[in-house]
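Accompanying notes for the structure given below.
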Amino acid sequence: MANSGHAAHEGHDDHHGAPKSFWQRWVVTTNHKDIGTLYLIFAGVMFFVGGLMALVIRAELFQPGLQFVDPMFFNSMTTMHALAMIFGAVMPAWVGLANWMIPLQVGAPDMALPRMNNFSFWIMPFAFTLLLSTLFTGSGAPAGGWTLYPPLSLQGGDSFPMAIFAIHMMGASSIMGAINVIVTIMNMRAPGMTLLRMPLFCWTWLITAYLLILVMPVLAGAVTMLLTDHFFGTSFFSAAGGGDPVMYQHIFWFFGHPEVYILILPAFGVVSEIIPAFSRKPLFGYESMVYASASIGFLSFIVWAHHMFTVGMPLAGQLFFMLTTMLIAVPTGVKVFNWSATMWKGSLSFEPPMLFAVAFLFLFTIGGFSGLMLSIVPADFQYQDSYFVVAHFHYVLVPGAIFAIMAGIYYWLPKWSGHMYNMSLAKWHFWLSTIFVNVLFFPQHFLGLAGMPRRIPDYSVQFADWNMVSSIGAFGFGLSQLLMPYLVWQCVRGGAAAKAKAWEGARGLEWEVPSPAPYHTWETAPDEATIIHASPTGH
Amino acid sequence: MSSKSDSHDASTYYVPHGSPWPILGSVALFTLMIGAVSFMNEWAGGWSFLPGALLLAFMFFGWFTTVINENEQGMYNLQVDKSFRMGMMWFIMSELMFFAAFFGALFYARQLSVPWIGGDGVKIFNKLLLWQDFNAAWPTNGPAKLGGHADHSFETIKAFSLPAINTAILLTSGVTITIAHHALREGNRKVLGYALAATWMLGFLFVYLQGTEYHEAYTELGLKLSTGIYGSTFFMLTGFHGLHVSIGAIMLFIIWLRCMRGHFTPTRHFAFEAVAWYWHFVDVVWLVLFVFVYWI
Chain A
1380 MANSGHAAHE GHDDHHGAPK SFWQRWVVTT NHKDIGTLYL IFAGVMFFVG
1430 GLMALVIRAE LFQPGLQFVD PMFFNSMTTM HALAMIFGAV MPAWVGLANW
1480 MIPLQVGAPD MALPRMNNFS FWIMPFAFTL LLSTLFTGSG APAGGWTLYP
1530 PLSLQGGDSF PMAIFAIHMM GASSIMGAIN VIVTIMNMRA PGMTLLRMPL
1580 FCWTWLITAY LLILVMPVLA GAVTMLLTDH FFGTSFFSAA GGGDPVMYQH
1630 IFWFFGHPEV YILILPAFGV VSEIIPAFSR KPLFGYESMV YASASIGFLS
1680 FIVWAHHMFT VGMPLAGQLF FMLTTMLIAV PTGVKVFNWS ATMWKGSLSF
1730 EPPMLFAVAF LFLFTIGGFS GLMLSIVPAD FQYQDSYFVV AHFHYVLVPG
1780 AIFAIMAGIY YWLPKWSGHM YNMSLAKWHF WLSTIFVNVL FFPQHFLGLA
1830 GMPRRIPDYS VQFADWNMVS SIGAFGFGLS QLLMPYLVWQ CVRGGAAAKA
1880 KAWEGARGLE WEVPSPAPYH TWETAPDEAT IIHASPTGH
Chain B
19 MSSKSDSHDA STYYVPHGSP WPILGSVALF TLMIGAVSFM NEWAGGWSFL
69 PGALLLAFMF FGWFTTVINE NEQGMYNLQV DKSFRMGMMW FIMSELMFFA
119 AFFGALFYAR QLSVPWIGGD GVKIFNKLLL WQDFNAAWPT NGPAKLGGHA
169 DHSFETIKAF SLPAINTAIL LTSGVTITIA HHALREGNRK VLGYALAATW
219 MLGFLFVYLQ GTEYHEAYTE LGLKLSTGIY GSTFFMLTGF HGLHVSIGAI
269 MLFIIWLRCM RGHFTPTRHF AFEAVAWYWH FVDVVWLVLF VFVYWI
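These protein sequences, in sequence, are chains A and B.
If you read the first sequence in the numbering used here, its first letter stands for residue 1380, the second for the next number, and so on.
If you read the second sequence in the numbering used here, its first letter stands for residue 19, the second for the next number, and so on.
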């Protein structure tokens, strides 16, 4: 193997296995694999915390009337569910996958700035301790929605500054993580690993990292203005002093729209690895995938006001944001057609990663189509703040981003653990998830179109039937997720040995090192022939 | 600086050993945030910032000491050097975007929200029904005339008074740091020391003068953080800028001390350059700020 070089470790304490002590291994570590594992464990915990909150919401909505929780707590649940899932589950899961896979895929021994990598991870548990502890304050957790719109968010009690500072900490963590990804890809690639030989996961993460660096500070600025409006008498979002609450929405969504692409772009990367692997064909249109990702990244900066069509914007603004939003369908369409064309006449097999990737392809596209409906200004006036919006973004985030994360975990788990996992259990996980996720979210389209507003604990009886169906789907989906930690635990403990190349059709440098990947890899860079052999296009 | 062939030589890969500073930094940030929350919620006084701030300062001191020592022992190769450079560059980019949020607020208020409150275009009913007396001109503290003197009036700071002097000070400090950089590259340590000392002194002078400006604004002009949207944008932009100048001046002071100790060589001086980039960044932000906050 190419990773046997020893002399590479000038000034390093020279252990080639993992350190023995817990402190050295998990707390002060600079190893990208361990930090990746920490991120993934953290994301998994937050996924279940956020999931429990979702189940509180769906339990309350099982029937009309107030059953279990008071409306204020219900609102806290919608707010905290979103914050936990976006900042605690999906983003850290992607950073965890980036940590594990990007150095392996570009032929680097580690991330470029390993101590900062450790810092960006360890900020997260503290940030979430701060955020989740708001549940125990007298005033309750933030209840004004994860977007924290003023003036409502400014009426929060003790929990308000806690949420703001937690967001600041998460932002600092994300920025450091993004800097690390960019520098790793730009400075640590093995000789011969040209940009257009990189796997698409690296490409989409690179674009994601640029988005993160450009918008996380804007979120920090927006919530800082909330803080000073609340505590120090500024008037940014108060018309009495010459400001405007709508200005907050503009600044927030200038962050928020790129943010949703931060959640989905790495998913495009993962799916672009998995579909070719299980179609046993190179990715169709590799370069167009790169350009499409970059176009989506660029367009994400000029569409933000489609989240706020009903605030009373000038007509020119509405038209501009409608048309730019629709334009995103073009590069996204390029991707969907490329994935389909990759499968066309391929020698397909449906192992768990492929099942999740194919489900992603269909179900994410449904979310994309409802997004296109929402981009039409006059139609959006009807859909705004309805359950149709809830259905839309849950389709792109759950069977979109989260299915892609699961696909990635099922794809790379043999590489991490060195064992194959229980295939039939993973397929059970897939089928239960896919069936229940549709039972859960598809009826929400009907509810929204029939006029049910989002973020309410009680509703008119006409919405009762589909809400009950949706809640059944929610509990089915939630319970099915318990299979996954069990399966991962089982796989880490043992199982059939995984080959270096765990999947027959897989490409990428990560499959050129043994399974499990040794503690240190690519201390000696792979040679160009290996890189070309492993590249997505084969040249 | 770093030549391509070196930076990709496989034998130059370097992964630092584990370090306790990041976890301490996380604890420090958490402590600082708890302190800030306690202060804002009036659970505790201003002292509550202290434990977190001290821990954070200790962390920065310790982390940088470790890195500087490792660097002085020659443990960092050109690839690491380049990683540091790129990291600093993107950090500055993120800082620029932080300021962009506040400039965005300023432009939005001046171009959109204030004219709309004054009844511009289709927002005519704001004028007819809500605020007949409001004159939508910049500077403003809004239709409710928030803050200011007892009669709710306020004055602004004239661009071509102290702010113009401050502009000259920052621009001069941009020149002196460039002189210092050239001296460093030519191995002229004496000029390096003087020029760098001049730079950090100018930096602290700027901060001091901003302090006197704030004092005047609060005590004589009726211009406060709470003086409507003008006071909000004025103090948030100049305040965050001043904070960054202070940080930059402290960093200049530290690399000056390092220069005095004989650190840096004509070819290897990443920390110097990083601070210089940062200094130019606060300079550029100031120029934009001078034009849009003070001048027009």
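Just so it is clear, CB atoms sit at the ideal spot from N, CA and C, and this is done for glycine as well.
Fair warning: this is a prediction, and the values are worked out from it, not measured in the lab.
The alpha carbon of phenylalanine 1498/A has as its nearest neighbour, out of Ser1679/A, Gly1550/A, Ser1796/A, the alpha carbon of Gly1550/A. In this structure, the beta-carbon distance from phenylalanine 1700/A to aspartate 1759/A does not fall below 7 Å. Taking a beta-carbon distance threshold of 7 Å, alanine 119/B counts as an interface residue toward chain A. Serine 1765/A carries a strand assignment under DSSP once its states are collapsed to helix, strand and coil. Here glycine 246/B is near asparagine 159/B, since their CB atoms are less than 7 Å apart.
Annotated three-state conformation of proline 1832/A is strand, per DSSP.
Residue-level contact check: alanine 1619/A touches chain B, since one or more beta carbons of chain B fall below 7 Å from its beta carbon. Exposure of histidine 1912/A is indicated by the presence of fewer than 16 other C-beta atoms within 10 angstroms of its C-beta.
Secondary structure in the stretch 1849-1901 of chain A: the alpha helix (DSSP H) runs of 4 residues or longer, each lying completely within the stretch, are 1862-1872 in chain order.
Going by DSSP, methionine 1503/A is part of the alpha helix (DSSP H) stretching over 1493-1511.
Neighbours of glutamate 113/B across chain A, judged by C-beta separation under 8 Å: Pro1596. DSSP places histidine 1798/A in the strand class (E or B) of the three-state scheme. Look at the beta carbons and you see the stretch 1446-1460 of chain A not touching the stretch 1854-1870 of chain A: under three pairs across the two are nearer than 8 Å.
Contact with chain A is absent for threonine 196/B, since none of that chain's Cβ atoms lies less than 7 Å from the residue's Cβ. Where glutamate 113/B is concerned, the enclosing alpha helix (DSSP H) starts and stops at 96-126.
Residues of the stretch 1532-1560 of chain A with a C-beta less than 7 Å from any C-beta of chain B: Asp1537, Pro1540, Met1541, Phe1544, Met1548, Ile1554, Ile1558, listed in chain order.
Secondary structure note for histidine 1547/A: its alpha helix (DSSP H) is the uninterrupted segment 1538-1566.
Put simply, of Val1682/A, Met1705/A, Ala1708/A, Val1709/A the residue whose alpha carbon is nearest the alpha carbon of glycine 1696/A is Val1682/A. Using a CB distance below 8 Å, no part of the stretch 195-225 of chain B faces chain A. Burial check for isoleucine 273/B: the Cβ neighbour count within 10 Å reaches 16 or more, so the residue is buried. In terms of CA proximity to aspartate 1608/A, Met1626/A leads the group Met1626/A, Ser1754/A, Leu1579/A, Gly1830/A.
When Glu1730/A, Arg1437/A, Met1490/A are compared, the shortest CA-CA separation from arginine 1659/A is found for Glu1730/A.
When the beta-carbon positions are compared, glycine 1746/A and proline 1895/A stay at least 7 Å from each other.
In chain order, Ile1414, Asn1497 place their CB closer than 7 Å to the CB of threonine 1408/A, counting only its own chain and leaving out the 5 sequence neighbours on each side. Not a single CB atom of chain B sits nearer than 7 Å to the CB of phenylalanine 1699/A.
For serine 1614/A, the nearest CB of chain B lies under 7 Å from its own CB, placing it at the interface with that chain. Across the structure, glutamine 150/B and serine 250/B are spaced so that their CA atoms are roughly 24 Å apart. Sequence-distant Cβ neighbours of leucine 1753/A in its own chain, meaning closer than 8 Å and more than five residues away, are His1685, Asp1759, Tyr1762, Phe1767, Val1768, His1771. Across the stretch 121-141 of chain B, CB contacts with chain A closer than 8 Å involve Gly122, Ala123, Tyr126, Ala127, Leu130, Ser131, Val132, Trp134, Ile135, Gly139, Val140, in sequence order along the chain.
The C-alpha of tryptophan 156/B lies about 53 Å from the C-alpha of phenylalanine 1741/A.
Proximity to isoleucine 265/B across Leu146/B, Val306/B, Gly221/B peaks at Gly221/B, based on C-alpha coordinates. Against methionine 278/B, chain A offers no close residue; the least beta-carbon distance is about 26 Å (beta-carbon pairs closer than 9 Å).
For glutamine 228/B, the CB contacts under 6 Å within the same chain, skipping 5 residues up- and downstream, are Gly260 in chain order. Annotation: phenylalanine 1515/A to phenylalanine 1500/A spans about 25 Å, alpha carbon to alpha carbon.
Of all alpha-carbon atoms in His262/B, Ser101/B, Trp108/B, the one lying nearest the alpha-carbon of phenylalanine 288/B is that of Ser101/B. When secondary structure is reduced to three states using DSSP, aspartate 1844/A falls in the helix class.
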